[in-house]
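Protein sequence lines, in the order shown, are assigned to chains A and B.
For the first sequence, the numbering used here assigns the number 1 to the initial residue and increments by one for each residue that follows.
For the second sequence, the numbering used here assigns the number 115 to the initial residue and increments by one for each residue that follows.
Even glycine gets a Cβ: it sits at the ideal position worked out from N, Cα and C.
The structure displayed is predicted, hence computed values, not measured ones.
Below is one structure, written out as C-alpha cells, with a few remarks after it.
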Amino acid sequence: AQSVSQHNHHVILSEAASLELGCNYSYGGTVNLFWYVQYPGQHLQLLLKYFSGDPLVKGIKGFEAEFIKSKFSFNLRKPSVQWSDTAEYFCAVNLYNQGGKLIFGQGTELSVKP
Amino acid sequence: DAGVIQSPRHEVTEMGQEVTLRCKPISGHDYLFWYRQTMMRGLELLIYFNNNVPIDDSGMPEDRFSAKMPNASFSTLKIQPSEPRDSAVYFCASSFQGGEQFFGPGTRLTVL
C-alpha cells in the first residue's frame with residue numbers, strides 16, 4: 001500500500017537554527033507532493049507544493065523543499081527558523097491516478113525555542 | 115471567498131447520541147474530503163466526493179459513520195450512535211480538479 005513516512009516525530013530547535021524535515025513516500029508512479037503546516041489550534045495550511053518542473057520549490061515564509069525522484073523524497077528546509085514556526089508539519093502525496101486523494105505522513109512537531 | 119466552512123466548531127455529546135458535522139466547500143470546487151485527526155492515528159482520510167459522488171469511503175471506520183453530499187455546496191458527516199473513541203477533530207477540505215486542498219477550521223468532537 002502507498003504510504004508517506006516522516007522521519008522525525010518531534011524536532012526541537014533554537015531560533016536561527018537551520019531546519020530539515022524528512023519525507024519519503026512509497027509509490028512508483030507519478031505523484032504530486034505537498035507540505036502542510038498546522039499552527040497550534042488551527043487548521044492545515046499549504047506551505048508549498050510540487051506538481052512538475054523544477055524539483056526545488058519555494059513556499060511561503062521562507063520554506064523550500066526538494067523533490068528527489070530517485071530517493072522518493074521531498075524534504076522540507078528552512079535556513080533559519082523563528083519562534084513563530086512552531087507548529088506541526090505534514091508531508092502529503094497525491095497519487096496521479098487517484099483523483100484528489102491525499103495520503104498524509106504522521107506529522108512532525110517542530111518546537112522552536114526563543 | 116470565505117474558505118471552507120465547518121459547523122459546529124465544537125461538539126460535546128454523550129455516548130449513544132447522533133452527531134452531525136457540516137461542511138460548506140469553497141464555491142467552484144469539485145472535490146470534498148472528510149478527515150479525522152487524533153493523537154494516536156494522526157490525520158486519516160475518511161471519505162471523499164467528486165462532483166457530489168462518493169469516490170472512496172474505505173477510510174470510514176464503521177457503519178456508524180455515514181457521509182452525504184446532496185449538492186455542490188454542502189456535505190454532512192454523521193455518526194450514529196457515537197462512542198467515546200470517536201472523539202477527535204474532524205476536518206473538511208475541498209479542492210478544484212484534485213489540486214491543492216483547502217482545509218476548514220475543523221470540528222472538535224468530544225463524546226463522553
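Measure how close the beta-carbons of residue i and residue j come, nearest whole angstrom, since I'm counting them as under 8 Å.
{"i": "A:Y50", "j": "A:N32", "result": "7 Å"}
{"i": "B:P219", "j": "A:H43", "result": "5 Å"}
{"i": "B:Q211", "j": "B:D170", "result": "Their Cβ separation, rounded to whole angstroms, is 16 Å, which puts B:Q211 and B:D170 out of contact at 8 Å."}
{"i": "B:R123", "j": "B:R222", "result": "7 Å"}
{"i": "B:S196", "j": "B:G117", "result": "Wrong, their Cβ atoms sit about 27 Å apart, outside the cutoff."}
{"i": "B:F147", "j": "B:Y162", "result": "4 Å"}
{"i": "A:E109", "j": "A:N75", "result": "The pair is not a contact, with the Cβ atoms about 17 Å apart (cut-off 8 Å)."}
Name the chain B residues whose beta carbon is nearer than 7 Å to that of residue i?
{"i": "A:Q106", "result": "G156"}
Between which two residues does the beta strand (DSSP E) containing residue i stretch?
{"i": "A:N94", "result": "A87 to L95"}
{"i": "B:M183", "result": "F179 to N185"}
{"i": "B:Y145", "result": "Y145 to T152"}
{"i": "A:E15", "result": "Where A:E15 is concerned, there is no enclosing beta strand (DSSP E), given that its DSSP letter is neither H nor E."}
{"i": "B:R64", "result": "Here chain B covers residues 115 to 226 and nothing more, so residue 64 of chain B does not appear."}
{"i": "A:N24", "result": "C23 to S26"}
State yes or no: is the C-beta of residue i within less than 8 Å of the C-beta of residue j?
{"i": "A:A65", "j": "A:L46", "result": "no"}
{"i": "A:I120", "j": "A:S111", "result": "This structure cannot settle anything about residue 120 of chain A, because the visible part of chain A is limited to 1 through 114."}
{"i": "B:Q120", "j": "B:R136", "result": "yes"}
{"i": "A:L102", "j": "A:A92", "result": "yes"}
Find the residues of chain A that neighbour residue i, judging by a C-beta separation of less than 9 Å, and give them in chain order.
{"i": "B:Q215", "result": "F34, Y36, L44, L46, A92, N94, G100 and L102"}
{"i": "B:D177", "result": "Ordered by position in chain A, no residue passes the 9 Å Cβ test against B:D177, which lies about 22 Å from the chain."}
{"i": "B:L159", "result": "K101, L102, I103 and F104"}
Report the neighbours of residue i on chain A: residues whose CB is nearer than 8 Å to its CB, in chain order.
{"i": "B:L226", "result": "Correct list: empty, because the minimum Cβ distance to chain A is about 22 Å."}
- prompt: What residues in the region 20-50 of chain A bring their beta carbon closer than 9 Å to a beta carbon of chain B?
  reply: Taking a C-beta cut-off of 9 Å against chain B, the contacting residues of the region 20-50 of chain A are N32, F34, Y36, Q38, Q42, H43, L44, Q45, L46 and K49, listed in chain order.
query: Using a beta-carbon distance cut-off of less than 7 Å, what residues from the region 190-221 of chain B approach chain A?
result: Listed by position along the chain: F205, S209, G212, E214, Q215, F217, G218, P219 and G220.
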